[in-house]
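Those protein sequences? They're chains A and B, same order as listed.
According to the numbering used here, the stretch in the first sequence is residues 1 to 253, in order.
According to the numbering used here, the stretch in the second sequence is residues 1001 to 1267, in order.
We put the CB at the ideal spot given by N, CA and C, even for glycine.
Just so we're clear, the structure is a prediction, and the values are computed from it rather than from any experiment.
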Amino acid sequence: MKQADIAMTERGRTPLQIKGNRDGLLVTIGDGEWDDLQRSLIEHVEGNAGFFQGARLALDVGNRVLHAAELGALRDVLSDHSITLWAVLSNAPSTEQNAQALGLATRLPVLRQGRSAHVQDAGQVGENAVMLQRTLRSGFKLSYQGHVIVLGDVNPGAEIVASGSVVVWGRLRGVVHAGAQGDENATVCALDMSPTQLRIAEKIAITPTPKGKGTGFGVGRVLSMRHSQPQPEMARIRDGRVVVEPWTVKAKS
Amino acid sequence: MAAKVITVTSGKGGVGKTTTTANLAVALAMDGSKVVCIDGDIGLRNLDVVLGLENRIVYDLVDVIEGRCRVRQAMIRDKRLPELFLIPAAQTRDKSAVSPSDMVRLCDELRNECDYILIDSPAGIERGFRNALAPADMVLVVTNPEVSAVRDADRIIGLIEAEEKGPARLIINRMNPALVRRGDMLSSEDVLELLAVELIGVVPEDESVVVSTNRGQPVVLDGKTRAGLAFKDIARRLTGEKVPFMNLEEKEGLFGRIGRLIRPGGD
């Protein structure tokens, strides 16, 4: 695929920059009112319908905080013009989360040097943290450079990938990968530790399928992986294996 | 009057979205509301079949959207209930024939003419789902007490929240208390513990649903079936009434329930 650079906008007037690359089109949105920028993007698309027909579009919104409804509305308008909005790049974590909640990618496949450097500048690697205060449902995926704290449940089908540790103040039933870049000191803590799969650094642990009593096989437990008496637990690597132990004050490493 | 737009969705197919839409629409219309149902499943329509109105289709949703007819012309009046209307889906097109903004426009046009607009969403999380969700004031998520259906319901609820259409309300369809008792089926509590949303109804598994669906006679029209009573209760909860949950376990509970239904009377 050829690398085309098609900056077609009058950059002075509309801070809208459109580049073609092997993943499709990348639209970078500069400063200004979101409504105006969105309108000028749509006008641009309508004016060049042939060029945009069937295009895959990634949108870089910079530091702007955008709600899911705004992103969803734009995606719908674009899809009316046969354009697929597949990714939203942002420096604002809430925008990223909203985009992820809509099923949009938030990273381009080729890591962009500037952005990752930016994240590392913000502090020591693994010293950042993000907190989510809601239920993470199936289909939600969070990748974060740092620690992740969830006040709520992590349901089956949801996935958290963090370079640091993960703390879930709720039921952990999805997939968690802590220390995703190889940090074997990362831990995973949860009030009810029943993940579908747990990964710390390179080690993988799978929750054994619970066996019910009597005639039934206890589907209730399979679905919700419910402990009869859940207690806070902490998973970490010890002697090259993932071990889970009660999470108490003493258990601090 | 400004109609309330209620979208019925599920994620997974075959859990009973269309049956639920049809029965709630009929139940609301039986209570005297003016109801328009819209089949959002363009290309795979079947709300018309379940309502028994298939042979009366002249114009469909895509005809309205594309301006080949007026909304009124596409509204099929139910033969049993004069206050119930259906806008059928097109069978010859696909979901891309309609956009979310088209649906919002259509519902805004209908809002002044009725009390409830019920939209039957197609399965899946793609265009058809977004079309059905866009105009919604309230979203009902239908699920079955099975792991796969609940997983998809969880995903859908997440998408509904992301689109700021939440909180979704849950209907658990095809509940079999005997299987739950044996530990072979998820209980309502199991489902709710995972999904953490408001439950608006539990519909028991009932053979009469299959029979009524095949006949194009929604099960609520027959006031005696357990599923029909459950749908009736849900419809009343939609109107804001506080209706106690039917006891699916005990026979006495069921009879008591019927007794309660008859005593207030007057519908």
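- In the three-state DSSP reduction, B:Arg-1070 falls in the coil class, being neither helix nor strand.
- Within the segment 1165-1221 of chain B, the complete beta strand (DSSP E) segments at least 3 residues long are 1169-1175 and 1198-1204, listed from N- to C-terminus.
- In the DSSP annotation of this structure, A:Arg-236 is not part of any alpha helix (DSSP H); the continuous beta strand (DSSP E) holding it starts and ends at 233-238.
- As the crow flies, the alpha-carbon of A:Leu-16 is around 13 angstroms from that of A:Ala-58.
- Following the DSSP letters along the chain, one finds B:Leu-1118 inside the beta strand (DSSP E) bounded by residues 1116-1120.
- Neighbours of A:Arg-107 in chain B, taken as residues at a C-beta separation under 7 angstroms, are lacking, since the least C-beta distance is about 18 angstroms.
- Under the 8 angstroms Cβ criterion, the segment 37-48 of chain A does not count as touching the segment 1058-1072 of chain B, having fewer than three qualifying pairs.
- Assigned with DSSP and collapsed to three states, B:Arg-1226 falls in helix.
- Contact with chain B is found for A:Gly-139, since one of that chain's Cβ atoms lies less than 8 angstroms from the residue's Cβ.
- In this structure, A:Ser-143 lies near A:Val-161, with their beta-carbon atoms less than 8 angstroms apart.
- Within the same chain, Ile-1042 and Gly-1043 come within 8 angstroms of B:Asp-1094 by CB-CB distance, once the 5 residues on both sides are set aside.
- Cβ contact annotation for A:Gly-179 (same chain, cutoff 6 angstroms, sequence separation greater than five): Ala-186, Ile-200 and Ala-201, in chain order.
- Residues of the segment 63-85 of chain A with a C-beta less than 8 angstroms from any C-beta of chain B: His-67, Ala-68, Ala-69, Gly-72, Asp-76, Val-77, Ser-79 and Asp-80, listed in chain order.
- Beta-bridge pairing by DSSP links B:Val-1050 to no other residue.
- The Cβ atoms of B:Val-1203 and B:Ala-1230 sit closer than 8 angstroms to each other.
- Three or more Cβ pairs drawn from the segment 62-72 of chain A and the segment 81-93 of chain A lie within less than 8 angstroms of each other, which places the two stretches in contact.
- If you look at A:Gln-197, you'll find it in the beta strand (DSSP E) that goes 197-200.
- Among the CB atoms of chain A, one or more fall inside 8 angstroms of the CB of B:Pro-1100.
- When CB distances to chain A are screened at a threshold of 7 angstroms, the residues of the segment 1175-1199 of chain B falling below it are Arg-1182, Gly-1183, Asp-1184, Met-1185, Leu-1186, Ser-1187, Asp-1190, Glu-1193, Leu-1194 and Ala-1196, in chain order.
- In this structure B:Thr-1009 is buried. Its beta-carbon is surrounded by 16 or more other beta-carbon atoms within 10 angstroms.
- Taking 9 angstroms as the cut-off between beta carbons, the residues of the segment 147-166 of chain A near chain B are Gly-152, Asp-153, Asn-155, Pro-156, Gly-157 and Ala-158, in sequence order.
- Annotation for A:Val-166: Val-148, Ile-160, Val-176, Ala-178 and Val-188 place their beta carbon closer than 6 angstroms to its own, counting only its chain and skipping 5 residues before and after.
- A:Met-131 carries a strand assignment under DSSP once its states are collapsed to helix, strand and coil.
- Note on geometry: alpha-carbon atoms of B:Ser-1033 and B:Val-1220 lie some 15 angstroms from one another.
- No Cβ of chain B is located within less than 8 angstroms of the beta carbon of A:Ala-186.
- For A:Thr-95, there are no C-beta contacts with chain B under 8 angstroms, since the nearest C-beta of that chain is about 13 angstroms from it.
- When C-alpha distances from B:Arg-1045 are compared across B:Thr-1019, B:Val-1005 and B:Leu-1028, the shortest belongs to B:Thr-1019.
- For B:Asp-1108, the number of other beta carbons within 10 angstroms of its own is below 16, and it is reported as exposed.
- Between B:Pro-1100 and A:Asp-35, the gap from beta carbon to beta carbon reaches 8 angstroms or more.
- Below the 8 angstroms Cβ cutoff, chain A contributes Arg-137 as neighbours of B:Ile-1157, in chain order.
- Counting along the chain, B:Val-1064 sits inside the alpha helix (DSSP H) bounded by residues 1061-1065.
- Counting C-beta pairs with one atom in each stretch, the segment 1046-1058 of chain B and the segment 1084-1091 of chain B have three or more that are closer than 8 angstroms, which means they touch.
- The three-state reading of DSSP puts B:Pro-1244 in coil, since its state is none of H, G, I, E or B.
- Here A:Pro-232 is not near A:Thr-196, since their CB atoms are 8 angstroms or more apart.
- Contact between the segment 1194-1202 of chain B and the segment 1152-1169 of chain B is established, with three or more Cβ pairs separated by less than 8 angstroms.
- Apart from the 5 residues on each side of it in sequence, B:Ala-1097 sits with its Cβ closer than 8 angstroms to the Cβ of Ile-1042, Val-1062, Ile-1065, Glu-1066 and Ala-1090 in its chain, given in chain order.
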